[in-house]
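Worksheet for the structure shown next.
In full-length UniProt numbering, the protein residues as written are 1 to 178.
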């Protein structure tokens, strides 16, 4: 399985983050509108990702801890040639856990992918993925992620421990009276 180190936070100042990310990146950002369909599975997370621009869809399975700060994510991706049929099959066999729609700005800086996300129903976020080679140690990826967040000016108080689908599901749960 491939792996990376991930860290995510709310983006309080999206335009400032775009400027800082552009300074750190080697090229102009890639901008995608994407929709992720999440399905309940016994372990990890399974999502079908579709793009509005015609980029081929992909099925992604990943496992990572839900906690603040940098964490290892182990993942497998597979291209999907018929996303509508795949969604129909998965939705029939599994429960659809939720749908996340977002605009993603992707900046590349070395082995780090900087994602600036505008998530429908949630707001703005910054997520880093430090891609690890097979022989790379996770500690160096953790350090790189923390240093990049510091360069971007992201405060620790803004860290988010869970996936967007979990945040959306928490938002839609009825509030308990105190």
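Yeah, the Cβ is synthetic: ideal placement off N, Cα and C, and Gly gets one too. All of these numbers come straight from a predicted model, not from anything done at the bench.
Query                                                                                                                                                            : Result
Are at least three pairs of beta-carbons, each pair with one atom in the segment 88 to 108 and one in the segment 64 to 80, less than 8 Å apart?                 : no
May I have the straight-line CA-CA distance separating residue 19 from residue 117, to the nearest angstrom?                                                     : 14 Å
If you follow the alpha helix (DSSP H) that residue 87 is in, where does it begin and where does it stop?                                                        : 83 to 93
So for residue 77, helix, strand or coil by DSSP?                                                                                                                : strand
How big is the Cα-Cα spacing for residue 4 and residue 39?                                                                                                       : 22 Å
Along the alpha helix (DSSP H) that carries residue 16, what are the first and last residues, could you check?                                                   : 14 to 24
Between the Cα of residue 71 and the Cα atoms of 22, 15, 106, 162, which residue gives the shortest distance?                                                    : 162
So what does DSSP say about residue 141, is it helix, strand or coil?                                                                                            : helix
Are residue 105 and residue 56 close, meaning C-beta to C-beta below 9 Å?                                                                                        : no
State the start and end residues of the unbroken alpha helix (DSSP H) segment that holds residue 41.                                                             : Careful: residue 41 lies outside any alpha helix (DSSP H) and carries neither H nor E.
Kindly give me the distance between the Cβ atoms of residue 21 and residue 114, rounded to whole angstroms, as I take these residues to be in contact under 8 Å. : 5 Å
Measure the C-alpha to C-alpha separation of residue 151 and residue 145 and round it to an integer number of angstroms.                                         : 10 Å
Give the straight-line distance between the Cα atoms of residue 94 and residue 42, rounded to the nearest whole angstrom.                                        : 10 Å
Apply the 10 Å Cβ neighbour rule to residue 26 and answer buried if 16 or more other Cβ atoms are within range, or exposed otherwise.                            : exposed
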